[in-house]
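Student: Got a structure for you, written out below as structure tokens; questions coming shortly.
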Ligand SMILES: Nc1ncnc2c1ncn2[C@@H]1O[C@H](COP(=O)(O)OP(=O)(O)OP(=O)(O)O)[C@@H](O)[C@H]1O
Ligand SMILES: [Mg+2]
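Numbering (this note's numbering), first residue to last: 662 to 882.
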């Protein structure tokens, strides 16, 4: 489902050049839930972004959902991102001027889904995340945990093959973080999405099938 082959990435800051990813390879099977751990600055975000095509590695190859990301044009990449992948960001990143329901349905509209299908999918997701009563609320009125739940529903609304979540629980206490991760796990199991999430909370690692650790630019299982 996700093949990462010998990717490297360096950033130049002033006169220094930091090698953030050094010849990294790993494979994630369909339906697996993999956690990526590592200290702040170890390169988790950079690696996740390279895995989904938001950043390109300096060398090496990423095959995500059967597609070699290097071969995609900009237009093909944006189509790939909105149909095959979903994202959850640390702060949720909901669109502030859209309601809870509208945020959840956003990817479905982008993908040209029929109005009836959108309506039933949004109702189904609101029930799963337990937020039917807040469906007309704007993000500014939601707690951190609620924001993340809506963000998870949005990321999985179009049943993407791959879900990437970059420290989805970093702004939450451990208990709320666990409930958001359970939601990610249950929803993705239900629709057979493959998940890679990053975290630096050791308590959340047990929620993954497998843990990878980034250290000094290298990956350890
Ligand atoms: N666009 C960029 N330009 C220059 N340096 C960058 C850039 N993006 C990341 N870096 C550097 O690469 C290293 C890894 O950053 P990255 O954000 O991937 O780490 P992280 O593990 O996600 O950290 P955190 O846990 O704090 O989110 C850091 O030293 C960072 O300063
Ligand atoms: Mg990061």
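Each residue gets a CB set at the ideal place from its N, CA and C atoms; glycine is no exception.
Out of 864, 707, 712, state which residue places its alpha-carbon closest to the alpha-carbon of residue 747.
Tutor: Closest option to residue 747, Cα to Cα, is 712.
Student: What three-state label does DSSP hand residue 710 in the structure shown?
Tutor: The answer is helix: DSSP assigns residue 710 an H, G or I state.
Student: For residue 758 and residue 800, what's the separation of their Cα atoms in angstroms?
Tutor: About 8 Å.
Student: Only counting runs of 3 or more residues, tell me where the beta strand (DSSP E) segments fall wholly within the region 706–779, in order along the chain.
Tutor: 720–725, 746–749, all fully within the region 706–779.
Student: Find the nearest neighbour of residue 816 within the set 717, 705, 844, judged by alpha-carbon distance.
Tutor: For the residues 717, 705, 844, the minimum Cα distance to residue 816 belongs to 844.
Student: Just how far apart, CA to CA, sit residue 881 and residue 756?
Tutor: Straight-line Cα distance between these residues: approximately 36 Å.
Student: Following the continuous alpha helix (DSSP H) through residue 814, name the residue where it begins and the one where it ends.
Tutor: Residue 814 -> alpha helix (DSSP H) spans 805–817.
Student: Using three-state DSSP, classify residue 867 as helix, strand or coil.
Tutor: The answer is helix: DSSP assigns residue 867 an H, G or I state.
Student: When you compare each of 679, 846, 666 to residue 865 by their alpha carbons, which one comes out closest?
Tutor: If we check each option's Cα against that of residue 865, 846 comes out closest.
Student: Kindly indicate which three-state DSSP category residue 832 falls into: helix, strand or coil?
Tutor: Reduced to three states, the DSSP call for residue 832 is coil.
Student: Measure the C-alpha to C-alpha separation of residue 827 and residue 855 and round it to an integer number of angstroms.
Tutor: Rounded to whole angstroms, residue 827 to residue 855 spans 14 Å at the Cα level.
Student: Any idea which residues DSSP pairs residue 673 with across the strands?
Tutor: For residue 673, which the question treats as bridged, DSSP gives the partners 678.
Student: Would you say the beta carbon of residue 773 comes nearer than 7 Å to a heavy atom of ligand 1?
Tutor: No, since every heavy atom of ligand 1 falls outside the 7 Å radius drawn around the Cβ of residue 773.
Student: Report yes or no: do the region 696–707 and the region 678–688 share at least 3 C-beta pairs separated by less than 8 Å?
Tutor: With the cut-off at 8 Å, the region 696–707 and the region 678–688 touch.
Student: Determine whether the beta carbon atoms of residue 870 and residue 716 lie at a separation below 8 Å.
Tutor: Result no, Cβ atoms of residue 870 and residue 716 do not sit closer than 8 Å.
Student: Verify the contact flag: residue 862, CB atom, against every heavy atom of ligand 2, threshold strictly below 7 Å.
Tutor: Checking every heavy atom of ligand 2 against the Cβ of residue 862, none is found closer than 7 Å.
Student: Cα separation between residue 714 and residue 738?
Tutor: If you take the alpha carbons of residue 714 and residue 738, they lie about 7 Å apart.
Student: Are the Cβ atoms of residue 853 and residue 691 separated by less than 8 Å?
Tutor: A contact, by the Cβ cut-off of 8 Å.
Student: Check whether the region 789–800 and the region 666–680 touch, using three or more Cβ-Cβ pairs below 8 Å as the test.
Tutor: Short answer: they don't touch.
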